[in-house]
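Participant:
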Amino acid sequence: MSHEHEHHHHHHDDDDVQEHRAHDAPLTDVELRVRALESLLVDKGLVDPKALDALIDTYETKVGPRNGARVVAHAWVDPDYKRRLLEDGTAAVAEFGFVGRQSEKLVVVENTPAVHNVVVCTLCSCYPWAVLGLPPVWYKSAPYRARAVIDPRGVLQELGVEVPQTAEVRVWDSTAEIRYMVLPERPPGTEKLGEEELAALVTRDAMIGVATVAAPAGGTRR
Ligand code: FE
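Heads up, this note's numbering is the position in the sequence shown plus 1, with the first residue counted as 1.
(1) For valine 78, name the three-state secondary structure that DSSP assigns.
(2) So for tyrosine 145, helix, strand or coil by DSSP?
(3) Using only the alpha-carbon positions, how far apart do histidine 24 and serine 126 sit?
(4) Roughly how many whole angstroms lie between the Cα atoms of valine 78 and threonine 123?
(5) Spell out a yes or no on whether the segment 180-191 and the segment 107-124 are touching, meaning 3 or more CB-CB pairs, one atom from each, closer than 8 Å.
(6) CB of alanine 143 to nearest heavy atom of the ligand FE: below 7 Å?
(7) Can you tell me whether asparagine 112 is helix, strand or coil according to DSSP?
(8) Going by beta-carbon coordinates alone, are arginine 85 and alanine 92 separated by less than 8 Å?
(9) As a quick exercise: from Met208, Pro137, Arg154, pick the residue whose alpha carbon is nearest that of proline 165.
(10) Taking 5 Å as the limit, name every residue whose beta carbon sits nearer than that to some heavy atom of the ligand GTP, in sequence order.
(11) Can you give, in chain order, each stretch of the beta strand (DSSP E) that sits fully within the segment 142-211 and has at least 3 residues?
(12) Quick check: the Cα distance between aspartate 206 and aspartate 44, rounded to an integer number of angstroms?
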């Protein structure tokens, strides 16, 4: 049911802020600097905390995941690209100019009627930055990290994803070295849609594996 991976957490000192939020670890130097800057900017009235939240939300839900959505849509329409993507995700997303740090490898796992893949980082918040941007808060939360592994079907069900009993659920535990992205199933009824229209349907959550991609509401445009 779940795939066990060795979870090497050799995080680098120059890694991103979120990478270091393991458990109750003390704040890292970078985190302290970020917090100090944030409170200074807010105190000086230079930045509205709401604007900061909106900015983060934009990167979490819009800007970052658009990269992954373009990759997914391209894989749906181009079988050769899909093959390359599943064989070597790092190289395939680099064709779009999306690159991570040299230390990390991107592995893309395909959802099919027989297999539903879900991505988690059980120890902290390892995430495929190059294609999805910033990890959402819930992805970093202890309940998701623990329960995605113990009861992935239950978690999926709560999130509205019913995986048939006949299908296998695979849980991929991200690490500092290997980041996973889900290639969701292309929804039926989207055969006539172009690549850009398809990309618009692909959500961040679908590429984490906690949602499926739905055909456009009101049926497909033909
Ligand atoms: Fe991690």
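Built from N, CA and C at the ideal position, the CB exists for glycine as well.
A quick note: this is a predicted structure, and the numbers were derived from the prediction, not measured.
Facilitator: In brief:
(1) If you number the sequence shown from 1, residue 78 lands on position 77. Three-state DSSP puts valine 78 in a helix.
(2) Translated into the one-based positions of the sequence shown, residue 145 becomes position 144. Of the three classes helix, strand and coil, the one that applies to tyrosine 145 here is helix, per DSSP.
(3) Looking up residue 24 in the sequence shown gives position 23. Looking up residue 126 in the sequence shown gives position 125. With a pLDDT of 45 at histidine 24, under the threshold of 50, the modelled position of this residue cannot be trusted; read the value that follows with caution. Here the alpha carbons of serine 126 and histidine 24 stand approximately 10 Å from one another.
(4) Reading the sequence shown from its first residue, position 77 is the one you call residue 78. Reading the sequence shown from its first residue, position 122 is the one you call residue 123. Take the alpha-carbon of valine 78 and the one of threonine 123: they are about 33 Å apart.
(5) In short, these stretches touch, since the Cβ pair count reaches three.
(6) Stepping through the sequence shown from its first residue, residue 143 is reached at position 142. In terms of side-chain proximity, the C-beta atom of alanine 143 is found no nearer than 7 Å to any non-hydrogen atom of the ligand FE.
(7) Sequence index remark: in the sequence shown, residue 112 carries index 111 (1-based). The DSSP-derived three-state label of asparagine 112 is coil.
(8) Reading the sequence shown from its first residue, position 84 is the one you call residue 85. Reading the sequence shown from its first residue, position 91 is the one you call residue 92. At the C-beta level, arginine 85 and alanine 92 come within 8 Å of one another.
(9) Residue 165 sits at position 164 when you count from the first residue of the sequence shown. The shortest C-alpha separation from proline 165 is found at Arg154.
(10) By its list of ligands, the structure shown excludes the ligand GTP, since it contains just the ligand FE.
(11) Listed in chain order, they are 169-174, 179-184.
(12) By one-based count along the sequence shown, residue 206 stands at place 205. By one-based count along the sequence shown, residue 44 stands at place 43. One C-alpha to the other measures close to 34 Å.
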